[in-house]
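One structure is given here, and the rest of the page talks about it.
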Amino acid sequence: MHDVKDLSIILESRFPLITIQTTEEDRMLGVIEQSANLLGWAAFVWTVVEGLKRTNRSDRITGTHNLVDALRHIDKTPQNGVYTLCDAHPYLEDPGNVRLLREIAQEYARCARTIVFLSPKLELPPELHHLTARFDFALPDATRIRAMVREEAQMWESRNQAKPKGDPEAIALLTQHLTGMPVEDARRFIRQSLSDDGALTMADVDRIVRFKQDSLAAAGVLDVELNTGSFADVGGLTGLKRWLNLRRAVFAGEAGTEGLPPPRGILLLGVQGSGKSLAAKSVAGAWRLPLLRLDFASLYNKFTGETERNLREALKGAARMAPCVLWIDEIEKGLASDESGGDGGVSKRILGTLLTWMSERREPVFLVATANDISRLPPELLRKGRFDEIFFVDLPDAATRAEIFTIHLKRRKLDPAAFDVNELARAADGFSGAEIEQAIVASMYEAHAAKSALATAHVVGEIARTRPLSVMMAEKIEDLRAWALERCVMAN
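The working numbering puts the last residue of the sequence shown at 1583; the count rises by one with no breaks.
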């Protein structure tokens, strides 16, 4: 019912053109018809197969199979109404059709004829943008999904004369994962899961996650990271780990967390190689959620408006994958402010699209953004409330360095007890986690060349030969540390 009211408001706002991008054509046609009825307007629908017809009648308006003929009929009709054009996007490359649409739209004050473009893929010509409103209808929430599970379970019971089985934890997770899917897709999945074995189990949860991952991979707008990390592999960051642990149950919607606002996202600011990316991956691993990676470089397109459209598609993809973690690595590279306008304003439009999504999204998508250079981030992104918290990931202290050495030695099947990790930690003062890992790798090559077992001395020698970023970029790191001291929460 919310969709009907929301669309009615847009119709009453007197926009002559409305775009609705969705695969749920039947559901959306019902919403459009109900919205038109609410306002007392006639509703029509056009397809290239059937031509133009009234939505509640079977008779068609003859001679309207071609879009241009349908538009001419609409142009000559003095009746107020809503005209839905299904899959009309291929025909919008015809200048004649575009011109006719403009003329109909410009006559709106005389005769309120609203044209709705309904299609899974849609991008209007620039000439029509100022005449158009976009309608994004809501995906089903958890309450609706739970109702669908009950409905499908009752139908299965009626057909099979037996009660279906349900694992409460699996049903809770399924409810979470299905909230990001279109209604009919969610219903089909529930029905199929029950028909397989008369039960809803963790196997069904795994199947829906794989299905959503495959769908995203096919769309190509987001990278699905299958190798999520574990905080057991992250040295230090005790403050960040505690913050995330306190909020895990709330994000999962577990019983007893009602009334607590779910966490929405964090920004990890710090020195290169300090473990920000590994921490982002570990959030997904710790919370048992899919990890999606958004690469701004893959969004950029030379055609006007395409970059913003790609970002909208990526964010919609994240919503469909919800609950999930969305990771934007080195966010400053995609949002760096271009005061000269040399990029045609793309950076500003991308920022606007992202900020709108951050403030308005309803789906459980936890955003983890990482940044190395605070000076390149637009101030709008750092305003209080954009992120739940901004954490500063500093270079590791001695205890954390010893922990990192232990982690990387174990990862390479080496016994940390055979090394003096405290000596290694002292020698690696000023090293980042990534630099510590590279020191171990390089020393392993040295030991192999010398045909000897890796020892503390090999690693200490490699450390002595390395000039870490803390030396090469000392001033920049100090500036970053000074900025963060007053504005960020320390991750460690």
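Even glycine gets a Cβ: it sits at the ideal position worked out from N, Cα and C.
Cα-Cα separation, residue 1223 to residue 1411: 25 Å
Continuous alpha helix (DSSP H) stretch holding residue 1130: start and end: 1116-1130
Span of the alpha helix (DSSP H), counted from its first residue to its last, around residue 1144: Careful: residue 1144 lies outside any alpha helix (DSSP H), inside the beta strand (DSSP E) at 1142-1145.
Extent of the continuous alpha helix (DSSP H) run through residue 1244: 1233-1251
Classification of residue 1303 by the beta-carbon crowding that lies within 10 angstroms, buried from 16 upward: buried
Neighbour-count burial assignment, residue 1100, 16 or more Cβ in a 10 Å radius: exposed
Closest by C-alpha distance to residue 1174, when choosing among 1106, 1262, 1579 and 1239: 1106
Cβ-based neighbour list, residue 1266, same chain, cut-off 8 Å, excluding 5 preceding and 5 following: 1233, 1236, 1237 and 1240
Given residue 1419 as reference, the closest of 1095, 1531, 1561 and 1358 once Cα atoms are compared: 1358
beta-carbon residue 1290 near the ligand MN non-hydrogen atom, thresh 8 Å: Ligands in the displayed structure: none, and consequently the ligand MN is not present.
Inside the region 1164-1218 only - beta strand (DSSP E) runs reaching at least 3 residues: 1172-1177 and 1204-1210
Pick from 1123, 1252, 1117 and 1116 that is closest to residue 1103, judged by C-alpha positions: 1123
Spatially closest choice to residue 1465 from 1424, 1493, 1154 and 1455, by CA coordinates: 1424
CB contact flag (residue 1279, residue 1247, <9 Å): no
Own chain partners of residue 1480 with C-beta closer than 7 Å, once the 5 adjacent residues on each side are dropped: 1334, 1357 and 1580
Contacts around residue 1421, its chain only, beta-carbon distance under 8 Å, and the 5 residues preceding and following it disregarded: 1461, 1462 and 1463
Exposed unless 16 or more other CB atoms sit within 10 angstroms - verdict on residue 1252: exposed
Other residues of its chain near residue 1368: CB distance less than 7 Å, five sequence neighbours each side excluded: 1420 and 1461
Three-state secondary structure assigned by DSSP to residue 1461: strand
Residues that DSSP places opposite residue 1111 in a beta bridge: 1209
Continuous alpha helix (DSSP H) stretch holding residue 1266: start and end: 1259-1269
Beta-carbon gap between residue 1159 and residue 1178 smaller than 9 Å: no
Proximal residues to residue 1171 (C-beta, below 8 Å), its chain only, five neighbours per side dropped: 1132, 1133, 1202, 1203 and 1204
Residue 1475 in three-state terms, based on DSSP: coil
Residue 1585, DSSP secondary structure in three states: Because residue 1585 is not part of the residues shown, which for the chain are 1092 to 1583, the question remains open.
Residue of 1384, 1195 and 1502 minimising C-alpha distance to residue 1169: 1195
Pick from 1554, 1337 and 1361 that is closest to residue 1569, judged by C-alpha positions: 1361
Reduced DSSP secondary structure (H/G/I, E/B, other) of residue 1422: coil
Coarse secondary structure for residue 1346, derived from DSSP in three states: coil
Three-state secondary structure assigned by DSSP to residue 1482: strand
With 16 other Cβ atoms within 10 Å as the buried cut-off, status of residue 1447: exposed
Candidates 1483, 1520 and 1468, of which the one nearest residue 1489 by Cα: 1520
Assigned secondary structure, residue 1551 (DSSP; H/G/I helix, E/B strand, else coil): helix
C-beta contact flag for residue 1454 and residue 1329 at 9 Å: no
At least three beta-carbon pairs within less than 8 Å, the region 1527-1536 to the region 1551-1559: yes
Residues of its chain near residue 1275, where Cβ-Cβ distance is below 7 Å and the 5 sequence neighbours each way are ignored: 1115 and 1118
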